[in-house]
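Q: Right, I'll just put the structure down here and ask away after.
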Amino acid sequence: MPKCPHCNNEVKEEEAIYNTKTKRYYHESCYNILLDRKELINYVCELFNYKKPSVKVYQQMSSYYERGISYSDMLLSLKYFYEIKKGDINKSQGGIGIIPYVLEEAKEFTTLEKIEQNKLIQKFKENTLEKKETKYIYVTEQRNKQKKNIDINTL
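Numbering-wise (the working numbering), the sequence shown opens with residue 1144 and increments by one.
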């Protein structure tokens, strides 16, 4: 039975995800973590114009992951700080050290944003239901009245 390279536990082939590039089997949750990590790395490269992240960034990523911060939360924090709050990239010194400082704020922001979206969706649904009232329109038929021809001879 193959072992998952992420968690080092055995994985059943029929329940596993096979990565053709690495030729390894992963648990679905482990594979999703791997995808989140790749997405974070791509974002960091795009953010700092790196071909690949520096050793400093990799060390920070592994340190935060060991502290229980998921890769998706790291990505959320960076996107929140640099895209929403318009944080200064130059102050970062090529690292992602801002993550622990903005993580809770970023989570709260996305939670509030989801609540607002749900409220808007609910209002939209209510408005469309109210507008579906049936309206009856009564149409009266107008008959074409034909003019009677008057015979002049009868007059």
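Yeah, the Cβ is synthetic: ideal placement off N, Cα and C, and Gly gets one too.
At what residues does the alpha helix (DSSP H) containing R1210 begin and finish?
A: From DSSP, R1210 is part of no alpha helix (DSSP H); its letter is neither H nor E.
Q: Could you give the first and the last residue of the continuous beta strand (DSSP E) run that contains I1160?
A: 1160-1162
Q: CA-CA distance, D1231 and Y1161?
A: 40 Å
Q: Is it right to say S1220 is buried, meaning 16 or more other beta carbons lie within 10 angstroms of its own, or is it exposed?
A: It is buried - the Cβ of S1220 has at least 16 other Cβ atoms within 10 Å.
Q: In terms of DSSP beta bridges, what is R1167 paired with?
A: N1162
Q: If we count the other Cβ atoms within 10 Å of its Cβ and call it buried at 16 or more, is F1224 buried or exposed?
A: Under this definition F1224 is a buried residue.
Q: So, with DSSP's three-state summary, where would you put K1195?
A: coil
Q: From G1237 to Y1208, what distance separates their C-alpha atoms?
A: 19 Å
Q: Run through DSSP, which three-state label would E1157 get?
A: coil
Q: Assuming contact is defined by CB atoms lying nearer than 8 Å, are I1239 and V1187 in contact in what I supplied?
A: yes
Q: Go through its chain and collect everything with a Cβ distance to G1163's Cβ below 7 Å, but skip five positions before and after it.
A: For clarity, residue 1163 is Thr in the given sequence; the question names Gly instead. Excluding positions up to five away in sequence, the list is empty.
Q: Suppose contacts are defined by Cβ-Cβ distances below 8 Å. Is S1205 in contact with D1179 by that definition?
A: No. Outside cutoff.
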